[in-house]
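Protein sequence lines, in the order shown, are assigned to chains V and S. All the letters of the first sequence, read from the start, carry residue numbers 1 to 417 under the UniProt record's numbering. All the letters of the second sequence, read from the start, carry residue numbers 1 to 109 under the UniProt record's numbering. Structure first, then comments.
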Amino acid sequence: MGMRRYSAFAVAREAARYHQGWARAWDSPAPKAHYDVIVIGAGGHGLATAYYLGKTHGVKNVAVIEKGWLGGGNTGRNTTIIRSNYLQDPSAALYEKARSLYETLSQDLNYNIMFSPRGVIMLAQTEHEVRGWKRTAQANALQGIPTEFIGPRRVKELVPIMNIHGPRYPVLGGLWQARGGTARHDAVAWGLARACSAMGMDIIQNCEVTAIRSEGGQVKGIETTKGAISCGKLAIVVAGHSGVLAEMAGFRLPIESVALQALVSEPIKPCMDVVVMANTVHGYMSQSDKGEMVIGGGADGFNNYTQRGSFQHVEETVRALCETFPIISRLKMLRQWGGIVDMTGDRSPILSKTPLGNCFINCGWGTGGFKAIPGSGWAMAQLVAKGEPGPLAAAFGLERFREGRFIDESVAAGVAH
Amino acid sequence: MLSLRCPYCGVEAEETELAPGGEAHLVRQGPGSSDEDFETYLFLRENPKGVHFERWRHAHGCGKWFHAARCTVTLEVFGTYSAQVSAPPEDILAAIDARRPGWRREGPR
Ligand SMILES: Cc1cc2nc3c(=O)[nH]c(=O)nc-3n(C[C@H](O)[C@H](O)[C@H](O)COP(=O)(O)OP(=O)(O)OC[C@H]3O[C@@H](n4cnc5c(N)ncnc54)[C@H](O)[C@@H]3O)c2cc1C
Ligand SMILES: [Zn+2]
Chain V
1 MGMRRYSAFA VAREAARYHQ GWARAWDSPA PKAHYDVIVI GAGGHGLATA YYLGKTHGVK
61 NVAVIEKGWL GGGNTGRNTT IIRSNYLQDP SAALYEKARS LYETLSQDLN YNIMFSPRGV
121 IMLAQTEHEV RGWKRTAQAN ALQGIPTEFI GPRRVKELVP IMNIHGPRYP VLGGLWQARG
181 GTARHDAVAW GLARACSAMG MDIIQNCEVT AIRSEGGQVK GIETTKGAIS CGKLAIVVAG
241 HSGVLAEMAG FRLPIESVAL QALVSEPIKP CMDVVVMANT VHGYMSQSDK GEMVIGGGAD
301 GFNNYTQRGS FQHVEETVRA LCETFPIISR LKMLRQWGGI VDMTGDRSPI LSKTPLGNCF
361 INCGWGTGGF KAIPGSGWAM AQLVAKGEPG PLAAAFGLER FREGRFIDES VAAGVAH
Chain S
1 MLSLRCPYCG VEAEETELAP GGEAHLVRQG PGSSDEDFET YLFLRENPKG VHFERWRHAH
61 GCGKWFHAAR CTVTLEVFGT YSAQVSAPPE DILAAIDARR PGWRREGPR
């Protein structure tokens, strides 16, 4: 499909003809019999993998197969926090690559993803956290990622609605990343889908992968609810369903799927123009462009595939946040939802070859992979195109669990965001 | 909200009274085991979309560990049983058979 560019001129042109001329943003073709690469999962990571396969590596005979609708998994369910202030070098490199790609993604895709680098504070509410965030700020300085430990007065200046003298959770400071922020999650999926479709790739929705075919240890294709499709290479990018697909491919993963929830309030006037995360109490909050307070909490501790929220989590999260943000105590909450996140033992993702030849996997982003979408897709495309991981993905192979080379981010990512 | 019956004190306990403990019946490894054994024991998980055997602790009750058989899709509980066994007992398997005919998979172990 030839893509018509979006521009101020296009808006004027369409306004003059009652908006009758807008084309569909992407095609919905029937699957072909064969593709060079099949990506399973049209979430942000799957779509970004396809996008950079075409853009950077010239691989365009690609299909993205999605069992539901594109962006309907965690990509459309998250609280959109983007930051790169991780502790370990391999994570900082990968998340910073993603954050910097986000800065120009709207121009790249010709689609407004509403990236808003409004700044992210991670509160320190115990002495332990003060020490932890100071250490992270030092690590970030060595990694070349600008972050800063700030005191309670500066926190209060940035977030006037915050009560920093709470009796249970006083604010002792915070880790501030001025270039972190948020983006519109659906737009990220839609913009990538439109760009993939424009390169001639097929995005096939409402098509569930039910089996993976192999021969002599090499992947040959997939069975789907729309028939069998063969492929040269296969990329599994299905977040919470990684275990299900890995079983089809004949291997096991160091992953457990659990529910993570979020909620939004009724819209109110602008009152908070940064993102605040409070890891001690497992709560984080930002204000959307519509004025809703977007609130996220902790993940469930038990295996779960039901994309639903539960009452006690809302209570727990909101109870804790009310002390730090007294003004939210009278807010009505509008919606609550859940997503199934894929948790690894070291809280770091997996970008890896698998025991099945020409089959690659990208998963384990758990509670925090929205921020990583463009960087992950960029690194995954390289892995799929070349068959070997490049420098960004090299440390994130599956073998690290056997070899004891963990990338321990339980401090940076142990809480959900 | 999920609720499980503690097989020790008999209390029908709600989720907030319990602490989840992950996959059940893992085979513990020790000195002399291979890297693969340790990888399996420490990290690799069944993570099924369906019947799951798991450990729970009645944390805010009698404090004891026990086992549960549960469906991860519907949250249906098939039964709870003693922590002192290394495989699910027959009555639990029968309860699952009754609700999920043909559920037993030959998945990778
Ligand atoms: C409540 C919540 C809040 C979050 N907050 C943040 C945050 O603030 N910041 C952040 O960085 N991250 C956050 N995350 C995490 C982030 O959403 C995920 O890490 C990220 O979106 C994962 O993207 P993905 O493309 O890997 O997965 P998904 O978007 O889930 O896409 C996977 C796709 O695979 C499809 N699929 C599964 N099985 C099959 C099959 N058999 N056949 C075909 N298709 C299949 C699914 O339908 C799905 O669309 C949050 C997550 C949740 C749930
Ligand atoms: Zn008990």
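By construction, the Cβ of each residue, glycine as well, lies at the ideal position given by its N, Cα and C atoms. All figures in this text were calculated on a predicted structure; none of them were measured in a lab.
Chain-ordered neighbours of residue i on chain V, where CB pairs are closer than 9 Å
i	result
S/Glu76	Per Cβ cutoff of 9 Å: no residues; S/Glu76 is ~11 Å from chain V at best.
S/Val73	Asn304, Tyr305 and Thr306
Cutoff 8 Å: residue i Cβ touching any chain V Cβ
i	result
S/Glu12	no
S/Pro20	yes
S/Lys64	no
S/Leu44	yes
Beta-carbon spacing of residue i, residue j below 8 Å
i	j	result
V/Ser310	S/Asn47	no
V/Ala189	V/Leu383	no
V/Thr182	V/Cys207	no
V/Val59	V/Asp36	yes
V/Leu398	V/Ile350	yes
V/Ala381	V/Thr49	yes
V/Met122	V/Met277	yes
V/Leu192	V/Leu109	yes
V/Glu129	V/Asn362	no
V/Gly68	V/Val62	no
V/Cys196	V/Val64	yes
residue 176 of chain S	S/Gly61	Outside the modelled stretch of chain S, which goes from 1 to 109, sits residue 176 of chain S, for which no answer is possible.
V/Gly368	V/Ala379	no
V/Leu356	V/Gly227	no
V/Ile40	V/Ala92	no
Distance between residue j and residue i (C-alpha atoms, nearest Å)
i	j	result
V/Thr344	V/Arg330	37 Å
V/Gly296	V/Lys233	37 Å
S/Leu12	S/Phe53	The amino acid occupying residue 12 of chain S in the given sequence is Glu; Leu does not appear at that position. One C-alpha to the other measures close to 18 Å.
V/Met293	V/Met272	9 Å
V/Glu316	V/Ala42	32 Å
V/Ile255	V/Leu334	32 Å
V/Arg154	V/Val171	11 Å
V/Trp22	V/Asn112	16 Å
V/Asn304	V/Arg77	16 Å
V/Gln336	V/Gln177	28 Å
S/His58	V/Gln307	26 Å
S/Leu93	S/Phe43	25 Å
V/Cys359	V/Ser352	9 Å
V/Ala211	V/Ile150	51 Å
V/Ala416	V/Arg213	The predicted model places V/Ala416 with a pLDDT of 47, which falls under 50 and marks its position as unreliable, so this point remains unresolved.
V/Ile229	V/Ala239	22 Å
V/His45	V/Asp342	13 Å
S/Ala83	V/Phe302	17 Å
V/Ala187	V/Ile204	18 Å
V/Glu223	V/Ile38	12 Å
S/Arg5	S/Gly22	17 Å
S/Val77	V/Ala246	25 Å
V/Pro167	V/Met114	37 Å
V/Thr324	S/Ala95	47 Å
S/Pro20	S/Glu14	12 Å
Neighbour flag for residue i against chain S, beta carbons, 8 Å
i	result
V/Thr306	yes
V/Arg405	no
V/Gly54	no
V/Val244	yes
V/Ser310	yes
V/Phe302	yes
V/Gly414	In this prediction, V/Gly414 scores a pLDDT of 47, lower than 50, which makes its location untrustworthy; the coordinate-derived value is nonetheless stated afterwards. So, not an interface residue.
Amino acids of chain S, ordered along the chain, whose beta-carbon sits closer than 8 Å to that of residue i
i	result
V/Gly397	Within 8 Å Cβ-Cβ: nothing; V/Gly397 doesn't reach chain S, min ~13 Å.
Interface residues of chain V facing residue i [CB-CB closer than 7 Å]
i	result
S/Glu39	Phe401 and Arg402
S/His52	Asn303
Chain V contact residues for residue i, given Cβ-Cβ distances below 8 Å
i	result
S/Thr16	Gln312
C-beta neighbour in chain C for residue i, strict 8 Å
i	result
S/Glu36	In summary, chain C is missing from the structure at hand, where the protein chains are V and S.
Inset, instruction - Could you run through the region 252-280 of chain V and flag, in chain order, every residue whose CB is less than 8 Å away from some CB of chain S? - result: From the region 252-280 of chain V, only Arg252, Leu253, Pro254, Ile255, Glu256 and Ser257 have a Cβ closer than 8 Å to chain S.
Legend entry - Cβ-based contacts, 7 Å cut-off: residues of the region 322-347 of chain V near chain S: Listed in chain order, the positions of the region 322-347 of chain V with a beta carbon within less than 7 Å of a beta carbon of chain S are Gly345.
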